[in-house]
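Data first, discussion second: the structure below is written as structure tokens.
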Amino acid sequence: MKLHFDHALVTQLLAHAEAAKEHTPTFDQLYEPTFLKDGKETQSPSYDDIDLTKVPAGLMLVGDNGIYLMSNGKPALKDPERTGNLIAYAFEADPQKQPDDWWHVKQAAFGGDDGAEFLAAKAIRNALEATKGGRFWLDVSPTRISSPYLAPPRRKPALASKK
Numbered sequence: 021m022k023l024h025f026d027h028a029l030v031t032q033l034l035a036h037a038e039a040a041k042e043h044t045p046t047f048d049q050l051y052e053p054t055f056l057k058d059g060k061e062t063q064s065p066s067y068d069d070i071d072l073t074k075v076p077a078g079l080m081l082v083g084d085n086g087i088y089l090m091s092n093g094k095p096a097l098k099d100p101e102r103t104g105n106l107i108a109y110a111f112e113a114d115p116q117k118q119p120d121d122w123w124h125v126k127q128a129a130f131g132g133d134d135g136a137e138f139l140a141a142k143a144i145r146n147a148l149e150a151t152k153g154g155r156f157w158l159d160v161s162p163t164r165i166s167s168p169y170l171a172p173p174r175r176k177p178a179l180a181s182k183k
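Encoded structure:
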């Protein structure tokens, strides 16, 4: 399902993540050995076992009360108008704007469980470039997330020289 987000707000969230020196891991990232603090070896890591400087910058796609994007940068980017973190709701799954439909969209796109998926900064930057002048979008299903990107320019074939 294609989900649309405010382009300027996603750009702001990405800028925050990329400027941060530390990043909050998703639950899945807790189990990435490369993010553990030096000397830590554990089968059941906690947030205290993670070196937050090793977690890469990016956004989290969150499915719970709606579907939204948020920066993984620490400290968190606070919303100047509300309590909590600044987030970009998918227009289709915003409980405030779609009070009758957001839950069905969340179920169809994200699945029944709540959670967060990490989206790398480079993928978000490419998708922002590809959707410049319009709404940023992601194609989301319970098993897959894809984003638009611009194909690299084609190189002109070299002309064969005649002898």
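The sequence shown begins at 21 in the numbering used here and counts up by one. Here a beta-carbon is modelled for each residue, glycine too, at the ideal position from N, C-alpha and C.
Asked: Return the bridge partner residues of residue 67 from the DSSP annotation.; Found: According to DSSP, residue 67 bridges with nothing at all.
Asked: Quick one: which unbroken alpha helix (DSSP H) runs of 4-plus residues sit fully inside the region 133-168? Chain order, please.; Found: 141-150
Asked: Excluding the 5 residues preceding and the 5 following residue 167 in the sequence, name in chain order all residues of the same chain whose CB lies nearer than 6 Å to its CB.; Found: 143, 147 and 158
Asked: The alpha helix (DSSP H) that contains residue 130, what's its start and end?; Found: 122-130
Asked: Is it true that the region 51-65 meets the region 32-42, where meeting means three or more beta-carbon pairs spaced less than 8 Å apart?; Found: no
Asked: By Cβ distance below 7 Å, which residues in the same chain neighbour residue 122 in space, the five residues on each side in sequence not counted?; Found: 86, 113, 114 and 115
Asked: Given a threshold of 16 other Cβ atoms within 10 Å of its Cβ, counted over all protein chains shown, does residue 93 qualify as buried or as exposed?; Found: buried
Asked: Given a threshold of 16 other Cβ atoms within 10 Å of its Cβ, counted over all protein chains shown, does residue 77 qualify as buried or as exposed?; Found: buried
Asked: Is the beta carbon of residue 48 less than 7 Å from the beta carbon of residue 57?; Found: no
Asked: What residues are listed by DSSP as bridge partners for residue 81?; Found: 89 and 137
Asked: If we ignore side chains and look at the alpha-carbon of each, how far apart do residue 155 and residue 140 end up?; Found: 19 Å
Asked: In angstroms with no decimal places, state the Cα-to-Cα distance between residue 164 and residue 150.; Found: 19 Å
Asked: Using CA coordinates, which residue listed in 82, 89 and 108 is at the minimum distance from residue 134?; Found: 82
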